[in-house]
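> First the structure, which I've put down as structure tokens, then a few questions once you've had a look.
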Amino acid sequence: MNENLEQKCRDLVEMLSCHYVEPEDMEEALPPLTLALTNPGAYIEAFPEYEWLADIYDPELFEPKLAEDLFACALSDAINDFVVVGDKADEIFEAVVDVLDDMDIEVDEPDFDRGNWSDYAEFLDNQLIKLNANKRLVALDMNFSDQISVFVVESADYDRIVELVQFFNLKLVDSTTLPKFNS
């Protein structure tokens, strides 16, 4: 197996979990992640609930896009305990505030009634800077739905996370994808 690929998977899970993933959970997460990328057919056999993704692609060809989509599924499964998932910005905001509370980081209430995820993310990022919390938010679209996945991560890891997100061709939620994530 490609040790570099496994290390990148390990790094991404570690950083998206804000370094809270248990060693045994990491060891359980790595085989499905690397299998999704290196052998999509075997991954689908092992995880038949994702077989529907294969119907989108030509079964005779190894589709890199299928591998990327399966990797997103495997990653979603691997970091389920460290992510806030939702499709309504105000509900995602409240759940992220709960995560921050668990980290003993108390943020103010926003000075607006409702907004889209971009409004809430900007507000939270400004609060984290003001509090010197050394945390950032990363939002990914990896659920094949109108939901986004939001992580509270270490500020020092942010650039490397973005680099790995690009390497694995995951979809970072930014201003070009926000309209479908309005509240």
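Counting the sequence shown from 1 gives a position; the working numbering is that position plus 5. Where is the CB? At the ideal position from N, CA and C, for every residue including glycine.
1) Relative to the alpha-carbon of residue 12, which residue among 27, 23, 31 and 25 has its alpha-carbon at the smallest distance?
2) Per DSSP, which one or two residues make a beta bridge with residue 98?
3) Assuming residue 134 contacts residue 97 (C-beta within less than 8 Å), just tell me the rounded distance between them.
4) Where DSSP assigns a beta bridge to residue 149, which residues make up the other side?
5) For residue 169, tell me which candidate among 50, 73 and 46 has the shortest Cα-Cα distance.
6) Just to confirm my understanding: we take residue 161, look at its own chain, exclude 5 residues before and 5 after, and list those with CB closer than 8 Å. What are they?
7) Using the C-alpha atoms, what's the distance from residue 69 back to residue 2?
8) Exposed or buried, which one is residue 119 when buried takes at least 16 other CB atoms within 10 Å?
9) Can you give me the start and stop residues for the alpha helix (DSSP H) that residue 46 sits inside?
10) Anyone know if the C-beta pair for residue 38 and residue 166 falls short of 8 Å?
11) Could you please give the first and the last residue of the uninterrupted alpha helix (DSSP H) stretch that includes residue 170?
12) Under a three-way DSSP split, which group does residue 154 fall into?
13) Can you name, in chain order, every residue of its own chain whose Cβ lies under 8 Å from the Cβ of residue 88, other than the five neighbours on each side?
14) Beta-carbon separation of residue 145 and residue 176 under 8 Å?
15) Within its chain, find whatever has a CB closer than 6 Å to the CB of residue 48; leave out the 5 residues flanking it on each side and keep chain order.
The answer reads as follows:
1) 31
2) Note: residue 98 sits in no beta bridge, so no partner.
3) With a Cβ gap of about 20 Å, residue 134 and residue 97 do not count as contacting.
4) In the DSSP output, where bridge partners are listed per residue, residue 149 has none listed.
5) 73
6) 139
7) Residue 2 lies beyond the range of the chain shown here (6 to 188); nothing can be said about it.
8) exposed
9) 45 to 51
10) no
11) 163 to 172
12) strand
13) 21, 81, 154, 155 and 156
14) yes
15) 40, 41 and 75
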